Amino acid sequence: ILCIGETQEEYDLGITQEVCAMQVSKDLAGVSKEDMKDVVIAYEPVWAIGTGLVCDSDAANDVHKYIRTVLAKMYDDEVAQATRIQYGGSVTPESVDQLMAKSDIDGCLVGGASLFADKFARIVNFERQ
175 ILCIGETQEE
185 YDLGITQEVC
195 AMQVSKDLAG
205 VSKEDMKDVV
215 IAYEPVWAIG
225 TGLVCDSDAA
235 NDVHKYIRTV
245 LAKMYDDEVA
255 QATRIQYGGS
265 VTPESVDQLM
275 AKSDIDGCLV
285 GGASLFADKF
295 ARIVNFERQ
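Structure, rendered in structure tokens:
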């Protein structure tokens, strides 16, 4: 799992896409097209990890879509569409349904909420919208 994401300062500056593109390009350098089938990318805004703050689901989906354009340029559209891109960053029972309803969010990387059986069960059993 390749975790990428911007800091609060980078988010406030509006350079989320640039930061994520640089991280993906740099971290996947040397990874072959064939090996991409074993790669999962997790978009985890640093400012959201463990803070209780969750990236807006539309904004998160936009980042996921942008990551796919970076992958398409690096490899091809088939790899871009096949690569699993998850969202991580204070995923909660309250946010999971909206996140998972988005077209380019393939799953959630759950942190602290996984320590509580009732919260984790609700996340695992999200309601598809």
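One gets the working numbering by counting positions in the sequence shown from 1 and adding 174 to each.
C-beta: ideal position from N, C-alpha, C; glycine also.
Treat the numbers as computed from the prediction; the structure is a model and nothing was measured.
Practice prompt. Grab me the residues of ASP278's own chain with a C-beta within less than 7 Å of its C-beta, minus the 5 sequence neighbours each way, in chain order.
Written response: Within the sequence shown, residue 278 is the residue found at index 104, counting from 1. Once the five neighbours on either side are set aside, the close Cβ partners of ASP278 are ASN235, HIS238, LYS239, ARG242 and ILE259.
Worksheet item: So what's ALA246 in DSSP terms, helix, strand or just coil?
Response: Your numbering for residue 246 matches position 72 in the sequence shown. ALA246: helix per DSSP, three-state reduction.
Discussion item. Tell me the rounded alpha-carbon separation between THR190 and GLY179.
Written reply: Against the sequence shown, residue 190 aligns to sequence position 16. Against the sequence shown, residue 179 aligns to sequence position 5. Between THR190 and GLY179, the C-alpha separation is close to 7 Å.
Discussion item. On the CB-based measure, 16 or more other CB atoms within 10 Å of its CB, does GLN197 come out buried or exposed?
Written reply: Residue numbering aside, residue 197 sits at position 23 when the sequence shown is read from its first letter. Result: buried.
Item to complete: Could you have a look at ILE241 and say whether DSSP puts it in helix, strand or coil?
Response: Walking along the sequence shown from the start, residue 241 turns up at place 67. The answer is helix: DSSP assigns ILE241 an H, G or I state.
Discussion item. Just to confirm, is the Cβ distance from ILE297 to VAL253 under 7 Å?
Written reply: Working through the sequence shown from its first residue, we reach residue 297 at position 123. Working through the sequence shown from its first residue, we reach residue 253 at position 79. No.
Fill in: Residues near VAL265 by beta carbon distance below 8 Å, same chain, minus five either side
Locating residue 265 in the sequence shown gives position 91, counting from the first residue. The residues are VAL228, LEU273, CYS282, LEU283, VAL284, GLY285, ALA287 and ILE297.
Worksheet item: Do ILE215 and GLU176 come within 7 Å of each other at the CB atom, strictly closer than that value?
Response: Here residue 176 refers to the residue found at position 2 of the sequence shown. Here residue 215 refers to the residue found at position 41 of the sequence shown. In the sequence as displayed, the identity of residue 176 is Leu instead of Glu. Contact: yes.
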